[in-house]
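Trainee: In this text, residue positions in the sequence shown follow this note's numbering: the first is 178, and each later residue adds one.
Quick one: the structure is below, questions incoming.
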Amino acid sequence: ESVESCRVTVKEAPSGRGETVLVVEDEPSILKFIQKILTPLDYKVLQAISPSEAIRLAEENSERISLLITDVVMPEINGRQLYEQLKAMIPGLKCLFMSGYTANVIAHRSMLDDGVNFIPKPFSKRDLAVKVRAALS
């Protein structure tokens, strides 16, 4: 029954329209989890384990990437700085920030501005699907 209910949840989740999403997360298990959620929903997923890898992927795929999903707190540079760099390369790039910290903590540390697309970790399949669709709309 649990497999069936999982299928129903994914079916009820809003699906993509073939958009390419660049996911940046320094935790491999979370990267894999996000890909498992988004691929069946008709998103093409590019994965990067670091900001430098994300920049390389963005340079190679700049015409295709519609959305950046990035952890806020990462080695090298933070998610906001990464988004600023990629936006310069990819005009119109949308972003969904994610973090294990609450939105209040992140706002208090001035890591993100008010009103940005944000999802707290951990998140459900449906929550991610809804947030991704909203960020792209």
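All C-beta atoms in this analysis are idealised placements derived from N, C-alpha and C, irrespective of residue type, glycine included.
How about Leu218 and Ala312: are their beta carbons less than 9 Å apart?
Mentor: Going by C-beta atoms, Leu218 is not nearer than 9 Å to Ala312.
Trainee: Quickly, what does DSSP pair Lys298 with across the bridge? List them, please.
Mentor: According to DSSP, Lys298 bridges with nothing at all.
Trainee: Return the chain-ordered list of same chain residues with a C-beta closer than 8 Å to the C-beta of Glu181, the five sequence neighbours on each side being excluded.
Mentor: Confidence is the limiting factor: at Glu181 the pLDDT is only 42, short of 50, which leaves the residue's position unreliable and the question unanswerable from this model.
Trainee: With a CB to CB cut of under 8 Å and the five nearest residues on each side skipped, what residues in its chain are close to Val293?
Mentor: Contacts found: Cys272, Phe274.
Trainee: According to DSSP, is Leu234 helix, strand or coil?
Mentor: In the structure shown, Leu234 sits in a helix (DSSP, three-state: H, G or I).
Trainee: If you run the structure through DSSP and keep just helix, strand and coil, what is Asp219?
Mentor: The answer is coil: DSSP assigns Asp219 none of H, G, I, E or B.
Trainee: Among the residues of its own chain, which have a CB less than 7 Å from the CB of Asp248, if the five just before and after it don't count?
Mentor: Closer than 7 Å at the Cβ level, and outside the excluded window around Asp248, lie Val201, Glu202, Asp203, Gly256, Met275, Ser276.
Trainee: Report yes if the CB atom of Glu196 is closer than 9 Å to the CB atom of Lys221, and no otherwise.
Mentor: Taking 9 Å as the Cβ cut-off, Glu196 and Lys221 qualify as a contacting pair.
Trainee: Can you find the residues in the same chain that come closer than 7 Å, C-beta to C-beta, to Pro228, ignoring five residues on each side of it along the sequence?
Mentor: Result list for Pro228: Val201, Met251, Glu253, Ile254, Leu259, in chain order.
Trainee: Taking only the alpha-carbon atoms, compute the straight-line gap between Thr279 and Pro268 and give it to the nearest angstrom.
Mentor: Taking the straight line from one Cα to the other gives about 29 Å.
Trainee: In the DSSP assignment, find the unbroken alpha helix (DSSP H) run with Met266 in it and report its ends.
Mentor: Here the alpha helix (DSSP H) through Met266 covers 256–266.
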